[in-house]
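Q:
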């Protein structure tokens, strides 16, 4: 059987996809490599941070009561009995009438319940160092400038919850509780194949003929998959030979979580790929009412998701953005909340974009210097540089005939 | 000399920094590794893309004149003389009265100047294959459905200009013109040192005592530097010994573009680092009227930029964001336009944030479910989890006493 089974709309295609994708299993990951990964466990702390009460400032640890009534013109004098430095426990408890010089982060001695900042004593500046007494110039309540034990994290606290998309500060928190590894969803392994007899790998030594097109989709997809946290494997250019294509796709599906093909996806004479996916597995969607990327489709081969994208480079990109990107995020455990565009900006359209109702258009646009959104191209799926000359895309819904100049549009930034 | 030279405001500190940083020199980079890098050359194409006129659709290449007057009820019949497939030049020129079956992306034969979509012929569907004649059902003007030679890129076109922050589509364009490497600014090599006798490396085997703080800043900075495109080297925890610190910092500065230290930065007894930077080079700024991170500073040691950040983990982050991040972007060649926050959102403040005039506050905030911005903490520079419990920061300018509930604020998203 040839031809599109049934062209579906974008929303239905996405719903079909979202319903079919579950997060990949967990694996242990060292905390230095977790940024961008999704946590697959609740991480609870085995310790208090800090493990002792500490001073938040440079100053003097005191019994708060000993400062009551103190003021610049009526200081309370206390006996200085030493210094508390970070990394060392004070030797003995602080007695009433005593003060212990203390540095930021150093442990409070037993007995002390507050710290007076050095600025509020007569020891401010070098001259106070080594002095045997200090005059306290302000009254402080108990707890003042003290970071209590467990102020940051308490034993048993869940510091990071399953499902969290990890960022740099999370690495710091894991280090602070001495966690070396955490369970994260596996990164999707993605095989990338390009099909087309006109294609030559630009990074190979192969000679170019008068009909050569240098293959760009594989390198484009490799970069896009990596940006989405996937692990890409470029399988290169496969000749438009049905047996070779089938064997290559079957082998790729057995060893990857996702297979992406470009080209040979329409209903032309050499467009074998939809047939092969049907043969090896299931093709859930083939043909979506979007432009470009109308012939795109997806399904499953064994455990792998298979995406068949058109070979026109802009269509490849739109197909990736519309279908592969959501799938990669869901596989990585990021959840449906992650499917919205990452960065958008609203601005008025500088020039009308026409669009055919019944079809969702992905228009490439530029942010012009005058603050308006300038359409670059709606069609032109074969013109790759329309992507690099644009700053983003505007999605034109299927139920309108276009967008008039002056209307405010949301630009999905590249 | 001890103590802060002169506390400067944030704007003045940034201006001092921006004026002092120039982009790093260029190096050749393979196109598979250029995403996130900044181009240091104009890239001009040595070829036309496509290198031949091609069909944008599946259909029939024709002399446009031969279609004039054609309509569904008055078709023009042409003789089918073969098929043009991608990757092969048609054997001979098309004569008037002839049509050549042609696939999307295949070369037009000489003589042909337009393509009729297969849907607008009587060859739609399988039954037309192999037919010796085709009925054309619509008139097409010259150029219809033809991608002319060089439609995407012409020989000599600058496809990407120096200064461009490269993204995935740029990789594709470079592949399409067979460029294997391009000149990019070198990535900043960044040495990271932490100072503090209380610190233990959480990923080491070192035993923990009652006063141990597990070092997190080095791992945090490592992740932050990487996210900014730098190449981090964690030199670990250096003991608070003036000679060891000086030798380590001097060696790090000789081999890196940037040295970041955390801790020992204030004016306390063991706060050697500002003194050491002054000794080895220049300390341009020490003390900025921001909270947290007030004791932060920066300068130069030889060719390296040196950033001295406070050891309190939130202050380390704010110091990184305010000073190191801009420096890394400028070193990488991204230019002053890149210094604005990457992702922001505007929402009303749910609860007042108080702030001391004369100082810029970085308040950590959460996006609450009711759509308001919930302050998490302004102070608490020692409480790392205030960063992980927040979604972003609000910067409170120095000339206000705070922001009232209900006012719209811009949240810089993490």
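Residue numbers (the working numbering), protein chains in the order written: chain F, 233 to 646; chain Y, 233 to 646.
No residue lacks a Cβ here, since even glycine has one placed at the ideal position from N, Cα and C.
Helix, strand or coil: how does DSSP classify residue 447 of chain F here?
A: In the first chain, the residue the question calls residue 447 of chain F occupies position 215. The answer is coil: DSSP assigns residue 447 of chain F none of H, G, I, E or B.
Q: Mind listing, in chain order, the continuous beta strand (DSSP E) runs of no fewer than 3 residues lying wholly within the stretch 454–522 of chain F?
A: If one requires a minimum length of 3 residues, the beta strand (DSSP E) runs lying completely within the stretch 454–522 of chain F are 463–470, 490–494 and 514–518, in chain order.
Q: Strictly by DSSP, which residues pair up with residue 665 of chain F?
A: Because chain F is modelled from 233 through 646, residue 665 of chain F falls outside the range shown and cannot be assessed.
Q: Contact criterion: CB-CB distance below 7 Å. Does residue 275 of chain Y meet it with respect to chain F?
A: The residue labelled residue 275 of chain Y in the question sits at position 43 within the second chain. So no, residue 275 of chain Y is outside the interface.
Q: Residues of the stretch 443–454 of chain Y with a CB closer than 9 Å to any CB of chain F: list them in chain order, please.
A: 443, 444, 445, 446, 447, 448, 449, 450, 451, 452, 453 and 454
Q: Considering only residues of the same chain and omitting the five flanking positions on each side of residue 246 of chain Y, which have a CB-CB separation below 6 Å?
A: As a position in the second chain, residue 246 of chain Y is number 14, starting the count at 1. Hits under 6 Å: none found.
Q: Examine the Cβ distances between the stretch 272–287 of chain Y and the stretch 336–354 of chain Y and report whether three or more of them are shorter than 8 Å.
A: yes
Q: Put residue 607 of chain F into one of helix, strand or coil per three-state DSSP.
A: The residue labelled residue 607 of chain F in the question sits at position 375 within the first chain. Assigned with DSSP and collapsed to three states, residue 607 of chain F falls in strand.
Q: Starting from the Cα of residue 517 of chain F, find the closest Cα among F:410, F:509 and F:605 and give me that residue.
A: As a first step, residue 517 of chain F must be located in the first chain, where it is residue number 285. Checked all of F:410, F:509 and F:605; the closest Cα to residue 517 of chain F is F:509.
Q: Which whole-angstrom value is the C-beta distance of residue 441 of chain Y and residue 495 of chain Y, which I expect to be below 8 Å?
A: By one-based count along the second chain, residue 441 of chain Y stands at place 209. By one-based count along the second chain, residue 495 of chain Y stands at place 263. In fact, because the Cβ distance is near 18 Å, the residues do not count as touching under 8 Å.
Q: So if I threshold CB-CB distances at 9 Å, which residues from the stretch 248–266 of chain F count as touching chain Y?
A: Shown in chain order are the members of the stretch 248–266 of chain F whose Cβ falls below 9 Å from a Cβ of chain Y: 262, 263, 264 and 266.
Q: Report the neighbours of residue 284 of chain F on chain Y: residues whose CB is nearer than 7 Å to its CB, in chain order.
A: Position 52 of the first chain, counted from the first residue, corresponds to residue 284 of chain F. Near residue 284 of chain F (Cβ distances below 7 Å), the residues of chain Y are 442 and 443.
Q: In the structure shown, what three-state DSSP assignment does residue 292 of chain Y receive?
A: By one-based count along the second chain, residue 292 of chain Y stands at place 60. If DSSP states are grouped into helix, strand and coil, residue 292 of chain Y belongs with the strands.
Q: Name the residue from Y:364, Y:616, Y:523 and Y:619 whose alpha carbon lies nearest to the alpha carbon of residue 588 of chain Y.
A: Taking the first residue of the second chain as position 1, residue 588 of chain Y is located at position 356. The shortest C-alpha separation from residue 588 of chain Y is found at Y:523.
Q: Is there a C-beta anywhere in chain Y that falls below 7 Å from the one on residue 182 of chain F?
A: No answer is possible for residue 182 of chain F: it lies beyond the span of chain F, which begins at 233 and ends at 646.
Q: Verify the CB distance criterion: does residue 477 of chain F have a CB-CB separation below 7 Å to chain Y?
A: Within the first chain, the letter at position 245 stands for residue 477 of chain F. Not one chain Y Cβ lies under 7 Å of residue 477 of chain F.
Q: Could you check what DSSP says for residue 308 of chain F in three-state terms: helix, strand or coil?
A: Within the first chain, residue 308 of chain F is the residue found at index 76, counting from 1. It is a strand residue.
Q: Give a yes or no on whether the minimum CB-CB distance between residue 233 of chain F and chain Y is below 7 Å.
A: Taking the first chain and counting its residues from 1, the one referred to as residue 233 of chain F is at position 1. Its pLDDT being 40, under 50, residue 233 of chain F is placed unreliably by the model, and the measurement read from it follows with that caveat. No, because no Cβ of chain Y sits closer than 7 Å to the Cβ of residue 233 of chain F.
Q: To the nearest angstrom, how far is it from the Cα of residue 612 of chain F to the Cα of residue 546 of chain F?
A: On the first chain, position 380 is the one that residue 612 of chain F refers to. On the first chain, position 314 is the one that residue 546 of chain F refers to. Between residue 612 of chain F and residue 546 of chain F, the C-alpha separation is close to 8 Å.
Q: Kindly provide the ranges of any beta strand (DSSP E) runs that are 3 or more residues long and lie completely inside the stretch 513–582 of chain Y, ordered along the chain.
A: 514–518, 529–533, 536–541 and 576–580
Q: Put residue 330 of chain F into one of helix, strand or coil per three-state DSSP.
A: Taking the first chain and counting its residues from 1, the one referred to as residue 330 of chain F is at position 98. Residue 330 of chain F: strand per DSSP, three-state reduction.
Q: Could you check whether the Cβ of residue 403 of chain F sits closer than 7 Å to any Cβ belonging to chain Y?
A: As a first step, residue 403 of chain F must be located in the first chain, where it is residue number 171. Closer than 7 Å: yes.
Q: Need the endpoints of the beta strand (DSSP E) that residue 615 of chain F sits in, please.
A: Locating residue 615 of chain F in the first chain gives position 383, counting from the first residue. No beta strand (DSSP E) holds residue 615 of chain F; DSSP gives it neither H nor E.
Q: Shorter than 7 Å from the beta carbon of residue 359 of chain F to some beta carbon of chain Y?
A: For the purposes of this step, residue 359 of chain F is identified with residue 127 of the first chain, where counting begins at 1. Residue confidence is low: residue 359 of chain F scores 45 on pLDDT, short of 50, so the model does not pin down where it sits. Its coordinate-derived value is still stated next. By this cut-off, residue 359 of chain F is not an interface position.
Q: Are the CB atoms of residue 446 of chain F and residue 492 of chain F within a distance shorter than 7 Å?
A: For the purposes of this step, residue 492 of chain F is identified with residue 260 of the first chain, where counting begins at 1. For the purposes of this step, residue 446 of chain F is identified with residue 214 of the first chain, where counting begins at 1. For residue 492 of chain F and residue 446 of chain F, no; Cβs fall outside 7 Å.
Q: So residue 430 of chain Y contacts chain F; which residues on that side make the cut at Cβ distance below 7 Å?
A: One-based indexing of the second chain puts residue 430 of chain Y at position 198. Simply 318, 319 and 337.
Q: What residue range does the beta strand (DSSP E) around residue 595 of chain Y cover?
A: Here residue 595 of chain Y corresponds to residue number 363 of the second chain, with the count starting at 1. Residues 592–599.
Q: Compare the C-alpha of residue 331 of chain F against each of F:436, F:384 and F:292 and name the closest.
A: Counting from one through the first chain, the residue named residue 331 of chain F turns up at place 99. The option with the nearest alpha carbon to residue 331 of chain F is F:292.
Q: Please tell me whether residue 287 of chain Y has its Cβ less than 7 Å away from any Cβ of chain F.
A: The sequence position of residue 287 of chain Y within the second chain is 55, counting from 1. False, the Cβ-Cβ gap to chain F never drops below 7 Å.
Q: In this structure, does DSSP put residue 239 of chain Y in helix, strand or coil?
A: Translated into positions along the second chain, residue 239 of chain Y becomes position 7. Taken through DSSP and simplified to helix, strand or coil, residue 239 of chain Y comes out as coil.
Q: So, residue 374 of chain F versus residue 344 of chain F, is the Cβ gap smaller than 7 Å?
A: On the first chain, residue 374 of chain F is found 142 positions in, with the first residue counted as 1. On the first chain, residue 344 of chain F is found 112 positions in, with the first residue counted as 1. The answer is no: Cβ separation not under 7 Å.
Q: Run through chain F and tell me which residues come within less than 9 Å of residue 646 of chain Y, C-beta to C-beta.
A: Within the second chain, numbered from 1, the residue matching residue 646 of chain Y stands at position 414. Correct list: 399, 400 and 401.
Q: Starting from residue 258 of chain Y, follow the beta strand (DSSP E) in both directions and report where the run begins and ends.
A: What you label residue 258 of chain Y is simply residue 26 of the second chain in a count that begins at 1. It spans 258–262 - the beta strand (DSSP E) in which residue 258 of chain Y sits, taken as one unbroken run.
Q: For chain F, find out if any of its Cβ atoms is closer than 7 Å to the Cβ of residue 602 of chain Y; answer yes or no.
A: Your numbering for residue 602 of chain Y matches position 370 in the second chain. It does not: the Cβ of residue 602 of chain Y has no partner Cβ on chain F nearer than 7 Å.
Q: So, is the C-beta of residue 239 of chain F closer than 7 Å to a C-beta in chain Y?
A: Mapped onto the first chain, residue 239 of chain F falls at position 7. False, the Cβ-Cβ gap to chain Y never drops below 7 Å.
Q: Taking the beta carbon of residue 298 of chain F as the centre, do at least 16 other beta carbons fall within 10 Å, making it buried, or is it exposed?
A: Start at 1 with the first residue of the first chain, and residue 298 of chain F comes out as number 66. The residue is buried, with at least 16 neighbouring Cβ atoms inside 10 Å.
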